[in-house]
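Presented below is the structure to which this report refers.
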Amino acid sequence: MQAFELPPNHSTPLFTRSIGQSAEHRDILLHGVGSGHGGTLIIAGFHGDEPGTVLVTESFLDRYVSKGACSGKVLLIPLANPDGHFRHTRYNAHGVDLNRNFATNWDPESEEPPGDGPLSEPESQILHQLILSERPQKIVSLHWALAEIDADGPQSTRLAQAMWDTMSEEERLPYRMRIWEHAPGRGQRTDVCPGSLGQWCGYELQYQDGSKPAMITLELPYDPHIKRPIPLPDDHLATLRRTWAENAEGYLAAIEGPIHKMLLAACRM
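The number in my numbering is simply the position in the sequence shown, starting from 1, with 56 added.
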């Protein structure tokens, strides 16, 4: 990917507004450029104990979105779960995994606590309403630490490929790309994340004009310096948490370049 050169003193009007409050009344902030429907929506901090997703999204906002490096409308929510972030926990203040609280394939027996019912939580309600209102055509949700570009729905394949192709061979090593399509023997993904944002946006959501958003879950690598093993070791999440505690700055420095490339590719496609 060629380096993007910005014009001298170039900037893009950037708005920031609260789109609602969490269970403990913390604002959920939306940042963006552009107007109208469509564009790209980037969401991070779904799980409160994944601070790397928040910081890499904030740096992308500062270095690229606010400098006019993206095409068209771009919306960013760097911290979708402010209560969990404050508490240093995966869940929101009610002990619910927000990425199991959406209606599509919602499962009361989910391994992670899914809430009392679909969209029972204020944070998931806010995201649900925002997506229906803004109708983004591309959605990227950041998590850690499965180290993959995970595409939900056949309409998401092209976006996943564009994000993959923007990286060099060396930069791809910590990742893999997973494509899920409606095809014989490759039906809707329901086994891993019931009630997730990816399930809803990738397989069920359809706008009034008949279009469906491309939905990508971008999982940060647990170790950005090695080729991704398949399968991942059982302690991959503990490994990343230890790395983060010992050298968060070094981890961010290693992942920011490739992550920013992928987000730029998503915004420009």
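Just so you know, even glycine gets a beta-carbon here, dropped at the ideal spot from N, CA and C.
Around the beta-carbon of A201, 16 or more other beta-carbon atoms lie within 10 Å, marking it buried.
Within the same chain, Cβ atoms closer than 6 Å to the Cβ of K268 are found at Q211, Q262, the five residues on either side in sequence being excluded. For a cut-off of 8 Å, the C-beta gap from A322 to K194 is around 6 Å, short enough to register as a contact. For K268, there is no enclosing beta strand (DSSP E), since its DSSP letter is neither H nor E.
Per the Cβ contact rule, the segment 305 to 321 is in contact with the segment 215 to 229 (3 or more Cβ pairs under 8 Å). Using a Cβ-Cβ distance cut-off of 8 Å, the segment 182 to 191 and the segment 80 to 94 are in contact, since at least three pairs of beta carbons, one from each stretch, lie closer than that value. Beyond the five residues adjoining it in sequence on each side, A218 comes within less than 6 Å, by CB distance, of A321, M325 in the same chain, given in chain order.
In this structure, G94 keeps its C-beta atom at 8 Å or more from the C-beta atom of P134. Exclusion of the five residues before and after P138 leaves S78, R82, I84 as the residues of its chain whose Cβ lies within less than 7 Å of its Cβ. Contact between E275 and A203 is confirmed by a C-beta separation of about 6 Å, below the 8 Å threshold. T145 carries a coil assignment under DSSP once its states are collapsed to helix, strand and coil.
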